[in-house]
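Colleague:
In the numbering used here, the protein residues as written are 56 to 209.
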C-alpha cells in the first residue's frame, strides 16, 4: 500500500504528518531538475507554523524553519530518499510516525528506522518535529552533510 493510500485512511494531524512525508519525497525527487531552490520547499512550508517551527534532528541539531529549509535545499539535489510506512499514532494532538527510511548521497547508502514526533499548533500546523533513529554508526561521509550546522543540546 502506498503512503498516499495510507494517508487517505487518516484524518486530522495524522493525515498532515503523512502528507509531510509525501511532500518531502516529491520535493526531493524534483530537486535534481533545473530551478530547484529554497522556494521549492513551499508546499512543505504550507504545513508548517514557520514562525515557531523547531526541528530537532538526528544528532540533536536544532533548526528553525529557515535553517531547515536551507539544510534540505543543500541536501536534496544530491540525495535519493524513500520510505516505507510502519505506523502512525496520535495521542493528545501529538503524532508519532514510524518509517523505514532509505537514503543515498553519493556512494553513501543508509537504511534507518525512524520515529518522528510531531507537535501541532491549535490551527493544525506543525510547530515541532523531534527525530529519533535506529541506525548503524554514521560514517565520516554522512557527517560531512552537517558541516556548518550548529549542533547544540535540545
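In this text, a Cβ means the ideal position worked out from N, Cα and C, and glycines have one as well.
Could you have a look at residue 209 and say whether DSSP puts it in helix, strand or coil?
Modeller: The predicted model places residue 209 with a pLDDT of 49, which falls under 50 and marks its position as unreliable; any figure quoted below should be read in that light. It is coil, neither helix nor strand.
Colleague: Comparing C-alpha positions only, which one of 64, 179, 76 sits nearest to residue 105?
Modeller: If we check each option's Cα against that of residue 105, 179 comes out closest.
Colleague: Taking only three categories from DSSP, how would you classify residue 170?
Modeller: Residue 170: strand per DSSP, three-state reduction.
Colleague: Would you mind stating whether residue 181 and residue 187 have Cβ atoms separated by less than 8 Å?
Modeller: Not in contact: residue 181 and residue 187 (Cβ atoms no closer than 8 Å).
Colleague: So, at 6 Å on beta carbons, what are the nonlocal neighbours of residue 209 in its own chain, with the 5 sequence-adjacent residues on each side left out?
Modeller: Residue placement at residue 209 is flagged as unreliable, the pLDDT there being 49, under the threshold of 50; the coordinate-derived value follows with that caveat. 111, 115, 117.
Colleague: Expressed to the nearest angstrom, what Euclidean distance is found between the alpha-carbon atoms of residue 91 and residue 98?
Modeller: Going by the C-alpha atoms only, they are around 13 Å apart.
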